[in-house]
Amino acid sequence: MRRAAVLLLSAIILTGCGKPKLDGSSNEALQKSIVKVVAGMSDEEKNQFKENFSVVAMTNLDLRAIFAGQTTTELSKLNLLSSLDGKTADEIGVEANRILLERAQKQHDEAVAEINALMEKQKNAQIAKNYLSKFSVTKSAFYMKKDKYYVKPYIDLSVTNGTDKAISRVYFIGTIASPDRPVPWFTERFNYEISGGLQPGESANWTLEMNMFSDWAKIQAPAGAYFTVEAYRIDGADKQPIYNASGLTEKERNRLQDLRSRFAAK
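The numbers in this note's numbering rise by one with no breaks, and the one at position 53 of the sequence shown is 46.
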């Protein structure tokens, strides 16, 4: 195997001998050598060389490093000229293919990592949902009530903390729907910070005054519609999430579907 590799390398080197090479001693010399390199090529070969040259040049120019201030434009140009110096069209093609293969592999690896992260988030959300069933909303009511000057939206909740954790804040999804309609009239998220927290085993009754300028004040649902509330996240005494069943956003779901279609089976 090693002997075969050596013979192949020797063949490539010998094949390159005699063919015009790029001169990276200066910009002017490079331009002149390019004319010599493409001389005698067909239009298809010229186009392929142009693509290969662009791949190699842009990779070695390293615009990110320039914009990040990690190198100067002049140093980057010198590095580019050095990387092209002495190479034939075939060698530029080999280098371009190597770069493209590495780029494709990196893109694939990053996509797989992102797929795994999104799937893990989805899995954790389901686990959290099972735990959150221990935090029960035993009663919920939505209504509009007029105070001295304005009509304001209110939510009444009765809850029980059946978890083994002290809770400082609860995040809910409220839904107004009708039994004969699969699509709800209204769905919105809201949260409530619990003064003094809610200890394990404790129950509480809350009345939440919703923002009178929010969508809660614009709800128009027919008689017979019902209001349900479900907790999707609870925070502990340290203000950090204990369980979070919010899962993937619509954007993340679409992203996961796209990544799976392009990379998962590869």
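Think of the CB as a built atom: it goes at the ideal place given N, C-alpha and C, for glycine as much as any other residue.
Relative to the alpha-carbon of residue i, which residue among the options has its alpha-carbon at the smallest distance?
i	options	result
I235	A224, D149 and T180	A224
S126	D157, F135 and I148	D157
V17	S75, T66, K43 and L54	One detail in the question is off: residue 17 reads as Gly in this sequence, not Val. Closest option to G17, Cα to Cα, is S75.
T221	F256, N184 and T168	T168
S19	N117, L77, N53 and A32	L77
I212	W199, F46 and T180	T180
I85	P177, D36, V30 and W199	V30
D228	V176, F128 and L150	F128
D208	A218, W178 and Q233	W178
M51	D36, M34 and S69	S69
P175	K139, G33, L93 and A218	A218
S171	Y142, G33, N109 and P215	P215
T200	S188, G33 and E37	S188
S254	I92, Q119, H101 and Q41	H101
Could you name the residues of the same chain whose beta carbon sits closer than 8 Å to that of residue i, not counting the 5 residues immediately before and after it, in chain order?
i	result
K114	G240, L241 and E245
A210	M137, V144, K145, P146, M203 and N204
G190	A159, I160, S161 and A230
Q41	G86
Whose C-beta lies closer than 6 Å to the C-beta of residue i among residues of the same chain, with five residues either side of it excluded?
i	result
I166	R182, E223 and Y225
L249	L111
F135	I148 and F220
K132	S151
A118	A238 and G240
Is any beta-carbon of chain D found at less than 8 Å from that of residue i?
i	result
K244	Among the chains in the structure shown there is no chain D, since it carries only a single protein chain.
Please state if the CB of residue j and the CB of residue i are separated by a distance shorter than 8 Å.
i	j	result
L252	E107	yes
A89	V28	no
N154	E186	no
K39	T81	no
N53	N72	yes
N184	V163	yes
F256	A97	no
G79	L23	no
Near residue i, which residues of its chain fall below 7 Å by C-beta distance, leaving aside the five closest residues on each side in sequence?
i	result
A121	Y236, N237 and A238
I92	V48, V49 and T52
In the DSSP output, what is residue i paired with across the bridge?
i	result
A159	DSSP output for A159 lists no bridge partner at all.
S151	K132 and N198
E181	G167
L191	I160
M262	This structure does not reach residue 262, given that the chain is present from -6 up to 259, and the question cannot be answered.
E186	R162
Runs of beta strand (DSSP E) lying entirely within the segment 32 to 119, each at least 3 residues, in chain order: Taken in chain order, the complete beta strand (DSSP E) segments of 3 or more residues contained in the segment 32 to 119 number zero; there are none.
Uninterrupted beta strand (DSSP E) stretches inside the segment 213 to 251 (no shorter than 3 residues): Counting whole runs of 3 or more residues, the segment 213 to 251 contains the beta strand (DSSP E) stretches 219 to 228 and 234 to 237.
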